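Single-structure report; data block below.
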């Protein structure tokens with residue numbers, strides 16, 4: 001639907017600052033380190049992705065589920081809630097909002113499958129239905145989420161980035177959901193950061209004679225009249241997650257999760 | 001260095017918003033600071049209705065917040081409607097004294113969680129900010145139900161048309177038809193199909209303003225793409241022939257038919273195509289607008305139920321004959337001469353072939369609006385109607401014995417909540 005990002009609820013109610021996010025983690029930070037929380041974030045995103053894959057959801061739907069999950073945890077701690085229930089409910093809600101609804105039983109069944117080797121899923125449909133209500137409340141009923149994908153495709157076409165380069169930038173956007181940038185910056189800024197990384201790492205394969213081929217990319221970014229400092233911050237956040245992701249192992253994170261959950 | 005055109009697309013800042021990249025973030029910081037002590041709340045039984053299983057929330061330690069109770073903020077005055085998924089109340093804000101409509105969304109007995117129709121409505125209303133669309137001011141949560149807080153409108157069109165004494169002057173009718181088209185043009189511009197345009201969803205206030213309400217059946221459509229939608233939408237009397245013939249790929253033209261029906265109702269004072277089921281509905285349409293065939297509607301033969309509902313004998317269009325000089329023998333004061341412009345627009349809107357109906361923005365350019373001399377002032381004499389006139393109240397008044405020549409409403413079962421399309 002044609003509309004303006006700046007008038008959206010995403011822009012007006014759900015662009016947060018770093019301080020708010022740090023505040024929301026105080027409870028969990030009593031038990032684990034900041035890096036540990038990042039590792040847990042990666043884990044939960046992976047689980048959402050797995051569940052989405054079983055349900056064959058489009059990337060946009062998965063991304064909406066990621067954002068709901070992250071928004072919920074800006075107001076709650078991992079320790080005092082059950083992220084598995086939150087996760088399943090976020091996927092359920094995202095399916096409804098993105099107009100590809102799945103039956104609640106199906107969501108529960110597939111969540112059970114994804115979690116079968118890591119503690120299982122002890123809820124039924126009615127718990128998810130009930131929890132959806134509280135999730136909606138925490139999201140303040142602002143349900144439309146804007147994603148970088150559309151801007152990314154737009155920029156890539158404009159610049160003349162070929163398929164492989166667009167694919168690379170697309171994956172960077174997918175990975176950006178493991179960081180907090182979707183809570184902090186407008187989606188087109190994240191798309192630009194993904195293009196920036198793609199260009200700097202020389203994966204942007206411009207079609208001969210295209211804008212990107214002819215123009216100095218530094219000049220292109222300068223002419224956009226966007227806050228370059230913000231783009232650099234997004235780039236740093238994304239590169240930061242790759243560093244942690246490098247030696248990330250699921251078994252270690254499960255141990256970490258148990259520690260956070262049970263330490264008194 | 002070549003001058004490079006400033007980037008613009010609908011998400012990127014251009015113009016005044018250009019420097020908002022970060023200021024937005026800063027301005028928001030305070031509002032989002034949460035009082036952490038909320039997390040210490042234990043579950044008070046008072047906060048939750050008995051039909052909610054307390055265990056789930058206890059298990060995950062979900063903190064129940066002491067959120068605003070709608071009953072503390074608003075004082076209910078009375079029921080004014082019955083929506084797709086719950087009751088609508090008139091209420092007054094205890095803080096500002098302002099009147100609002102509270103639309104309650106029932107949460108009980110919903111196996112599939114929060115009703116998707118309500119979710120669509122909320123999602124759409126948050127996006128549709130326009131003077132011809134009823135505005136959603138907030139959402140309140142209370143004991144297992146959710147209330148949408150909407151701006152209050154004194155009447156709905158069905159209620160006013162059902163008023164025993166009140167009749168619209170032609171200029172007032174024109175103003176309201178124009179406002180209805182402006183609203184529909186905005187919706188279609190935003191890529192939204194309303195799919196339930198009827199009198200009780202067109203709200204009026206005493207200033208003579210008209211606003212479109214109830215987006216429970218509305219859907220987003222993509223321009224230039226046909227879709228597989230459900231044809232079980234739009235209240236029977238306002239449903240276009242293509243839906244009655246089973247079309248599942250359709251567009252804004254379905255709303256334009258409903259708009260045509262409403263426009264006609266302004267003149268006749270009551271619904272004209274008032275069938276009792278799909279088949280009789282189609283028969284009544286054929287009787288007035290004529291039967292379709294391949295010459296006037298080339299694609300009609302491709303519709304799923306065409307063979308099944310094929311007209312037995314061809315009928316000519318009698319529309320002009322019937323409505324150019326209209327006398328209602330049941331309600332004798334209801335007779336009029338329809339202007340050429342009005343007849344022309346109505347015939348266009350009520351074209352059997354959806355591709356021949358004008359878009360809402362084209363309809364606004366018809367001679368009826370731009371050439372005919374009648375001034376389209378707001379119907380200020382709505383001020384003189386005492387009381388609130390909604391379909392809900394008129395129905396109740398009729399039930400209590402003061403039955404008139406007016407018909408009941410042709411509500412039929414709507415698309416089910418779990419309908420994926």
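Residue numbers (the UniProt record's numbering), protein chains in the order written: chain A, 1 to 264; chain B, 1 to 421. Don't be surprised by glycine CBs; every beta carbon is placed ideally from N, CA and C. Given the structure is predicted, the values throughout are model-derived calculations rather than measurements.
Interface flag, residue i vs chain A, CB-CB below 8 Å
i                     : result
residue 251 (chain B) : no
residue 114 (chain B) : yes
residue 37 (chain B)  : Reliability of the predicted coordinates at residue 37 (chain B) is poor, the pLDDT of 29 falling under 50, and the value obtained from them is presented with this limitation in mind. Cβ-Cβ to chain A under 8 Å: no for residue 37 (chain B).
residue 139 (chain B) : yes
residue 105 (chain B) : no
residue 281 (chain B) : no
residue 135 (chain B) : no
residue 119 (chain B) : yes
residue 212 (chain B) : no
residue 127 (chain B) : yes
residue 123 (chain B) : yes
residue 198 (chain B) : no
residue 111 (chain B) : yes
For residue i, the nearest candidate out of the options (CA to CA)
i                     : options                       : result
residue 97 (chain A)  : B:324, B:115, B:240 and B:253 : B:115
residue 94 (chain B)  : B:111, B:124, B:76 and B:80   : B:76
residue 131 (chain A) : A:257, A:87 and A:18          : A:87
residue 25 (chain A)  : A:14, A:15, A:11 and A:40     : A:40
residue 128 (chain A) : A:84, A:212, A:117 and A:162  : A:84
residue 189 (chain B) : B:127, B:320 and B:142        : B:127
residue 10 (chain A)  : A:194, A:113 and A:145        : A:145
residue 87 (chain B)  : B:72, B:106 and B:355         : B:106
residue 45 (chain A)  : A:252, A:64, A:223 and A:213  : A:64
residue 266 (chain B) : B:292, B:196, B:202 and B:361 : B:202
residue 173 (chain A) : A:161, A:162, A:180 and A:149 : A:149
residue 145 (chain B) : B:70, B:97, B:96 and B:259    : B:70
Contact belief for residue i with residue j at Cβ below 8 Å, rounded distance in angstroms
i                     : j                     : result
residue 147 (chain B) : residue 90 (chain B)  : Actually they do not touch by this definition, with Cβ atoms about 13 Å apart.
residue 204 (chain B) : residue 154 (chain B) : 7 Å
residue 368 (chain B) : residue 347 (chain B) : About 11 Å separates the two Cβ atoms, so there is no contact after all.
residue 315 (chain B) : residue 290 (chain B) : 6 Å
residue 217 (chain B) : residue 192 (chain B) : In fact, because the Cβ distance is near 11 Å, the residues do not count as touching under 8 Å.
residue 91 (chain A)  : residue 104 (chain A) : Not confirmed; about 11 Å, so no contact.
residue 165 (chain A) : residue 205 (chain A) : 4 Å
residue 142 (chain A) : residue 14 (chain A)  : 6 Å
residue 358 (chain B) : residue 349 (chain B) : 7 Å
residue 211 (chain A) : residue 259 (chain A) : About 51 Å; that fails the 8 Å criterion.
residue 238 (chain B) : residue 198 (chain B) : 5 Å
residue 390 (chain B) : residue 214 (chain B) : So it is not a contact: roughly 12 Å between Cβ atoms.
residue 273 (chain B) : residue 262 (chain B) : With 8 Å as the limit, residue 273 (chain B) and residue 262 (chain B) do not qualify as a contact, their Cβ atoms being about 11 Å apart.
Where residue i falls, given that 16 or more other Cβ within 10 Å makes a residue buried
i                     : result
residue 207 (chain B) : exposed
residue 232 (chain A) : exposed
residue 371 (chain B) : exposed
residue 241 (chain A) : buried
residue 102 (chain B) : buried
residue 279 (chain B) : exposed
residue 4 (chain A)   : exposed
residue 174 (chain B) : buried
residue 160 (chain B) : buried
residue 31 (chain B)  : Residue confidence is low: residue 31 (chain B) scores 30 on pLDDT, short of 50, so the model does not pin down where it sits. Its coordinate-derived value is still stated next. Exposed, because fewer than 16 other Cβ atoms sit within 10 Å of the Cβ of residue 31 (chain B).
residue 292 (chain B) : buried
residue 34 (chain A)  : exposed
residue 427 (chain B) : No answer is possible for residue 427 (chain B): it lies beyond the span of chain B, which begins at 1 and ends at 421.
residue 262 (chain A) : exposed
residue 71 (chain A)  : buried
Residue-chain proximity (residue i, chain B), Cβ-Cβ < 8 Å
i                     : result
residue 250 (chain A) : no
residue 141 (chain A) : yes
residue 133 (chain A) : yes
residue 145 (chain A) : no
residue 9 (chain A)   : yes
residue 1 (chain A)   : Because the pLDDT of residue 1 (chain A) is 45, which lies under 50, any placement of that residue in the model is unreliable, and the number read from its coordinates should be weighed accordingly. So yes, residue 1 (chain A) belongs to the interface.
residue 101 (chain A) : yes
residue 125 (chain A) : yes
residue 234 (chain A) : no
residue 129 (chain A) : yes
residue 55 (chain A)  : no
residue 104 (chain A) : yes
residue 238 (chain A) : no
Which ranges does the alpha helix (DSSP H) cover as unbroken runs of at least 4 residues, wholly within the segment 272-329 of chain B, from first to last along the chain?
-> Taking only runs of at least 4 residues, the alpha helix (DSSP H) segments lying wholly in the segment 272-329 of chain B are 278-289 and 319-323.
Tell me the start and end of each unbroken beta strand (DSSP E) in the segment 138-169 of chain B that is at least 3 residues and wholly inside, in chain order.
-> As summarised for the segment 138-169 of chain B, the continuous beta strand (DSSP E) elements at least 3 residues long and confined to that stretch are 145-151, given in chain order.
Where in the segment 99-163 of chain A do unbroken runs of the alpha helix (DSSP H), each at least 4 residues long, occur, reported from the N-terminal end onward?
-> For the segment 99-163 of chain A, the full-length alpha helix (DSSP H) segments reaching 4 residues or more read 104-114, 125-138 and 148-159 along the chain.
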